[in-house]
Every structure is written in structure tokens, then in C-alpha cells.
Amino acid sequence: MAKKVDINDAKIEYEDHIKEFEKFEKAVIDQISVLINENDIKLAIPIQSRIKAFASLSEKQESGRFTMKKSILELQDLIGFRILMLFKRDVESIVRLIDDNFDILKEYNTDEKLSADQFGYSSKHLIIKIKDEWLKVPLYKNLGKYTGEIQIRTLSQHHWAETSNILQYKDKTSAPREILRSIGRVSALLEMVDLEYERLLNEREKYNEEIKTDYNKSEKLNVDTLRIVLDKNLPIKNRKDDEPYSELLREILEFGIDTSEELEALIVRRKDEVIIAEKEALEKSTVNPRADIGVFYSFAGLIRNIMRFEDLEKYVKIREKNKKN
Numbered sequence: 001m002a003k004k005v006d007i008n009d010a011k012i013e014y015e016d017h018i019k020e021f022e023k024f025e026k027a028v029i030d031q032i033s034v035l036i037n038e039n040d041i042k043l044a045i046p047i048q049s050r051i052k053a054f055a056s057l058s059e060k061q062e063s064g065r066f067t068m069k070k071s072i073l074e075l076q077d078l079i080g081f082r083i084l085m086l087f088k089r090d091v092e093s094i095v096r097l098i099d100d101n102f103d104i105l106k107e108y109n110t111d112e113k114l115s116a117d118q119f120g121y122s123s124k125h126l127i128i129k130i131k132d133e134w135l136k137v138p139l140y141k142n143l144g145k146y147t148g149e150i151q152i153r154t155l156s157q158h159h160w161a162e163t164s165n166i167l168q169y170k171d172k173t174s175a176p177r178e179i180l181r182s183i184g185r186v187s188a189l190l191e192m193v194d195l196e197y198e199r200l201l202n203e204r205e206k207y208n209e210e211i212k213t214d215y216n217k218s219e220k221l222n223v224d225t226l227r228i229v230l231d232k233n234l235p236i237k238n239r240k241d242d243e244p245y246s247e248l249l250r251e252i253l254e255f256g257i258d259t260s261e262e263l264e265a266l267i268v269r270r271k272d273e274v275i276i277a278e279k280e281a282l283e284k285s286t287v288n289p290r291a292d293i294g295v296f297y298s299f300a301g302l303i304r305n306i307m308r309f310e311d312l313e314k315y316v317k318i319r320e321k322n323k324k325n
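In terms of full-length UniProt numbering, the sequence shown opens at residue 1 and continues consecutively.
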């Protein structure tokens, strides 16, 4: 039988390392957040993290679920992270980014560990450590000995995981026979949500590809055709990643512009005026993070100014009405 580390010695070691645990936790979150932003991946909620409390570590040791032979650092999930995605396709995207930027010591999917009569959820688990190159940076130089566990799943998978933990139905023997069918339906519905989101994304991508080259300019504007019209008719450098297309579409329709053809005509008619207005705004601006690329207005700002130049009274009424709502 393996000899256990004395629990008092383990507590001293834990307290000696806690500040470095916190540094590791922050470093991993910071790096993954940068990767997510650079690759335009949308999370369901911000990255979650935790450092396992010593009481939890001690309970795990005493219950026999983990045996420390020499150090608490043998516990690979001492520092944990959870990344929840809106879409299933982004799970693999995140895994690839982490693989490129961290050392993955172990990778598994929870549903691969389930037997046929067990209930469960799909969740990617990665045991990671930071790459050796990081250790050359003074801030990270002492973090090479730490590992962390990253859980990656969709929001639907997370709903099932949390529900399973609360109900404690791990397999058919732990669940009343009367509700087995309900469990099966809920599990299937949540899986179907992810599949239908994938179908939706695929259909939207196909539609957007088609309208890039061929769309009926006399049809009523929607969010996707609005995006195409603005890309074609406004300086692309002005576009922000988080343009409020849905909100802007509502204002445009309320202004009386219903089709792509009408919007394009309005932009052509007022484009010179709005370019002059942007130059004047740049000259007056003292704080503008995009001034170095000669940009003051976003797409939304340009279109709102175009509507203002076209009919100031009508535009002001629309803005006031929407503020009240």
C-alpha cells in the first residue's frame, strides 16, 4: 500500500504554493482569453476557474480517491478551469488553440468512460501545463511545475452535467424506474439542441455565401443583407467586431429604408458629408483608440450620421423613441 503524505505536511506545502497557484490560474485565463478574442470565438459565459480548497484535497486523500505519494502537486486538477461554448463546433476549435499554445499532458472525453447503462454528458477534459518558452518570462518563471485541468463543453452539455450532479442519477440502478424515460428524453433534447444549432450555423453560412454574390436588392433588409451592404459601401476599416446590426436594422427600417437598394442609394447620397464629419470629429477628438488608423465612427456611427444628414428631425424622433423603450 502506497504511503500517504502526512496531512499536516500537505497543508504546509499547500500554503507555500497558494500564491503561485493564483499566478498560474491568472496566467492561463489571460492567455486563453487572448486566444479566444483573436480567433473571434464566442463563449456562453466568461471562463470559470477555481483552486481546489485544502479541505477538498484533504477529503479526497482521506477517502482514498487520491493518494499523495510525495507532493500535493501530484493532483493534476488542483487548479481547474471551465470553458462553456455556445456552439459544439467551437469545442474543437478551443482544443486546437490550447494544443498549439500549451503542453497537453492528457486529454479525454467524459462520455468515453461511461458504460452502456450509465447516464452522463460529453465534456472535453485537458490536463495542461505552460510551455517551456513561458518560463523565460520573469512573471512565469516559477510556474513550470504546475498543471491544471480544463473542462470544455457546450452550454447544453453543462446543463445536463449540473442537473445530473444535483439529481445524483449516475446510472439506471440509481434512478427510479418511473422516471427513466424522462431522463432519456431530457438527455436527447439537450443533445438535439447542439445538433440543431449546428444545422442553423451551416444554413446561415450557406445563405451568407450566396448573398455575397447574388441577392435581390428589392427584398426587405435583414441582419445578414445589412452586413453585406455595409461591407460593400463603407470603408472596411471603420467596421468594429461588435457592430450592433440588429439594433441598427431596426432604426433603418423605422427611418423608412426597407431594401438594400434604398440603403445603398442613401449611402451614396450622403457618403461625402459623413466622411467630412468623421474628419472633423477626428480633429476634435482627444481620446480615440482607433485614431491611428484614421477612424472615428464605426459602421453604426456612419449610418446613424447618414440618417441624421438625410432627415435630422425624423432621426432624432427615432433615437428618442428607442431610448424610452
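Where is the CB? At the ideal position from N, CA and C, for every residue including glycine.
Can you grab the Cα-Cα spacing for the pair Ile152 / Glu20, in whole Å? 24 Å
Give me the Cα-Cα distance between His158 and Glu59, rounded to the nearest whole angstrom. 25 Å
Answer yes if the stretch 257–269 comes into contact with the stretch 216–233, meaning at least three C-beta pairs across the two stretches below 8 Å, and no otherwise. yes
If the criterion is Cβ atoms closer than 8 Å, does the pair Leu221 and Asp258 meet it? yes
Tell me the residue span of the beta strand (DSSP E) that contains Gly80. Ile79 to Met85
Report all residues from its chain with a CB closer than 7 Å to the CB of Asn238; omit the five preceding and five following residues, and keep chain order. Val295, Tyr297, Ser298, Phe299 and Leu302
In chain order, which alpha helix (DSSP H) runs of at least 4 residues are fully inside the stretch 87–153? 89–101
List the residues that DSSP assigns as beta-bridge partners of Lys220. Thr259
Given a cut-off of 8 Å on the beta-carbon distance, is the pair Lys23 and Phe54 in contact? no
Given this structure, state the Cα-to-Cα distance separating Arg177 from Ser187, to the nearest angstrom. 16 Å
Look at the alpha carbon of Glu196 and the alpha carbon of Thr154, and state the distance between them as a whole number of angstroms. 13 Å
Residue from Ile104, Gln61 and Arg50 whose Cα sits closest to the Cα of Arg82: Arg50
Does the contact criterion of 3 or more C-beta pairs under 8 Å hold for the stretch 78–97 versus the stretch 38–47? yes
Which residues does DSSP list as the beta-bridge partners of Glu49? Residue identity differs from the one stated: residue 49 is Ser in this sequence, not Glu. Its beta-bridge partners are Phe81.
Could you say which of Glu62, Lys69 and Leu73 lies nearest to Glu15 if we only look at CA atoms? Leu73
Using a Cβ-Cβ cutoff of less than 6 Å, which residues in the same chain neighbour Ile228 once the five nearest sequence positions on both sides are dropped? Ile211
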